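First residue of the sequence shown: 13, per this note's numbering; consecutive thereafter.
Note that the Cβ used here is the ideal one computed from N, Cα and C, for glycine as well.
What you are looking at is a predicted structure, and each value in this text was computed from that prediction instead of being measured.
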Amino acid sequence: MLSALGLVAIQSLGCATPSIIASLPQNPGPGEPSRVDGMPSTVYGLIASGASACWFAPTGQLKKTYVFHADADSPATGGAAEIAVHERDAVSGRPWGLRVFKVQLKPSGEQSVIDVENIKMPEPMAAQMRADVLDWAQGGKGCRLKPLEIVTPPVADKPKKKVKTKTVAAKTP
Numbered sequence: 013m014l015s016a017l018g019l020v021a022i023q024s025l026g027c028a029t030p031s032i033i034a035s036l037p038q039n040p041g042p043g044e045p046s047r048v049d050g051m052p053s054t055v056y057g058l059i060a061s062g063a064s065a066c067w068f069a070p071t072g073q074l075k076k077t078y079v080f081h082a083d084a085d086s087p088a089t090g091g092a093a094e095i096a097v098h099e100r101d102a103v104s105g106r107p108w109g110l111r112v113f114k115v116q117l118k119p120s121g122e123q124s125v126i127d128v129e130n131i132k133m134p135e136p137m138a139a140q141m142r143a144d145v146l147d148w149a150q151g152g153k154g155c156r157l158k159p160l161e162i163v164t165p166p167v168a169d170k171p172k173k174k175v176k177t178k179t180v181a182a183k184t185p
């Protein structure tokens with residue numbers, strides 16, 4: 013996949029025609045930033061809402077073993093933001109342990125640059141998470157990282173109650 017820097021190099025050498033540029037993939041691969049319309053604070057809200065409704069929902073795959081953490085600047089100062097997924101740490105006083113996945117949002121004119129980095133998540137899961145982030149950033153509501161199935165144990169038949177009978181001895185006069 014061609015990076016933005018590679019595209020600039022090709023254009024500066026005069027090697028790229030408009031048809032070649034138009035045929036290049038518009039969706040960058042892992043490790044390459046994406047751009048979406050909107051300020052980072054708005055895009056952050058879309059991504060955070062999606063993550064809460066999908067990954068960290070009561071049946072979300074990440075709910076029990078990971079923690080969502082975010083830092084966002086004021087929109088007045090550009091609104092850059094960072095969303096991080098951390099391993100849940102049950103031992104220390106704070107719930108978040110090592111960072112395993114992060115999303116950085118930076119302003120670029122009327123757009124936001126989204127840089128997604130997988131630090132330690134299993135790659136198939138990280139690919140689904142990256143696709144979710146890019147979908148949510150554009151207003152999508154999907155969830156590629158499927159929720160966990162809640163398996164309710166079968167209800168055992170309750171044993172029938174024994175009826176206690178009381179025998180009364182009759183008194184003879």
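Using CA atoms only, rank isn't needed, just tell me which of the options is closest to residue i.
i: residue 55; options: 106, 140, 115; result: 115
i: residue 45; options: 133, 112, 126; result: 126
i: residue 144; options: 112, 119, 104, 64; result: 64
i: residue 151; options: 47, 58, 85; result: 58
i: residue 160; options: 137, 74, 108, 142; result: 74
i: residue 48; options: 68, 83, 140, 146; result: 146
i: residue 50; options: 137, 135, 123, 148; result: 123
i: residue 101; options: 90, 95, 79, 118; result: 79
i: residue 93; options: 76, 155, 149, 99; result: 149
i: residue 87; options: 96, 109, 120, 62; result: 120
i: residue 83; options: 117, 140, 153; result: 117
i: residue 97; options: 89, 110, 140; result: 110
i: residue 129; options: 108, 99, 95; result: 95
i: residue 108; options: 62, 76, 85; result: 76
Please name the residue or residues paired with residue i in a DSSP beta bridge.
i: residue 94; result: 83, 116
i: residue 103; result: Residue 103 pairs with nothing; no bridge assigned.
i: residue 47; result: 125
i: residue 111; result: 98
Tell me whether residue i is buried or exposed, calling it buried when 16 or more other Cβ atoms sit within 10 Å of its Cβ.
i: residue 131; result: exposed
i: residue 186; result: Residue coverage of the chain in this structure runs from 13 to 185, which leaves residue 186 outside it and unanswerable.
i: residue 53; result: buried
i: residue 26; result: With a pLDDT of 41 at residue 26, under the threshold of 50, the modelled position of this residue cannot be trusted, and the question is left open.
i: residue 157; result: buried
i: residue 106; result: exposed
i: residue 38; result: The predicted position of residue 38 is uncertain, since its pLDDT is 43 and thus under 50; a value taken from the coordinates is nonetheless stated next. Per the 10 Å Cβ criterion, exposed.
i: residue 138; result: buried
i: residue 91; result: buried
i: residue 154; result: exposed
Name the two residues that bound the continuous beta strand (DSSP E) containing residue i.
i: residue 129; result: 123 to 130
Looking at the secondary structure, which residues open and close the alpha helix (DSSP H) in which residue i lies?
i: residue 65; result: 52 to 65
i: residue 141; result: 135 to 149
Could you tell me how far apart the beta carbons of residue i and residue j are, in whole angstroms, since I believe they sit closer than 8 Å?
i: residue 133; j: residue 112; result: 5 Å
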